[in-house]
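In this note's numbering, the protein residues as written are 37 to 181. Backbone N, C-alpha and C fix where the C-beta goes; we use that ideal spot for every residue, glycine too. Input: a single structure, listed below in structure tokens.
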């Protein structure tokens, strides 16, 4: 059984934008965007339903009117958003701090296909028996075949 080893460069460091987006999966970012869009649609269709801006209240603590004096639907919605955004903010901060202490990288290449995806030229060398003598053969696999 033949075995071979591939020496690959380490994965590159992530950019700042990749680090900022990495703490949450796409589904979490979609949920946050969905909440923002849903709230804006509700606010446009019925501007008198909520006396406070619930997103400003949940994220920053800004309120026009005390929550105690608000309607029950506004209290329930505000409490739910406050708890949700508090949990999301804590999780985001924890992941961001861990990325700052140890800089994240793109995962290392594990196969020849990974190397081709990263546009790294592959050089394969092996010995071929010619007339009973081993001859070194080098094959260069460019990115485009």
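Could you work out which residue in the options is closest to residue i when comparing CA atoms only?
| i | options | result |
| --- | --- | --- |
| residue 67 | 157, 147, 88 and 117 | 117 |
| residue 54 | 146, 72, 135 and 147 | 135 |
| residue 90 | 148, 127 and 114 | 114 |
| residue 110 | 139, 93, 62 and 123 | 93 |
| residue 58 | 130, 148 and 145 | 130 |
| residue 122 | 51, 96 and 104 | 96 |
| residue 120 | 149, 71, 101 and 56 | 71 |
Do residue i and residue j have their C-beta atoms closer together than 8 Å?
| i | j | result |
| --- | --- | --- |
| residue 47 | residue 152 | no |
| residue 63 | residue 88 | no |
| residue 60 | residue 128 | yes |
| residue 139 | residue 49 | yes |
Once DSSP output is grouped into helix, strand and coil, what is the label at residue i?
| i | result |
| --- | --- |
| residue 141 | strand |
| residue 181 | Note on residue 181: pLDDT 47, under 50, position unreliable in the model; the coordinate value appears next. If DSSP states are grouped into helix, strand and coil, residue 181 belongs with coil. |
| residue 91 | helix |
| residue 232 | In the structure displayed, the chain extends from 37 to 181; residue 232 sits before or after that span and is not available. |
| residue 120 | helix |
| residue 49 | strand |
| residue 74 | helix |
| residue 56 | helix |
| residue 152 | helix |
| residue 98 | coil |
| residue 106 | coil |
| residue 61 | coil |
| residue 146 | coil |
Tell me the DSSP bridge mates of residue i?
| i | result |
| --- | --- |
| residue 69 | Paired residues: none, contrary to the question. |
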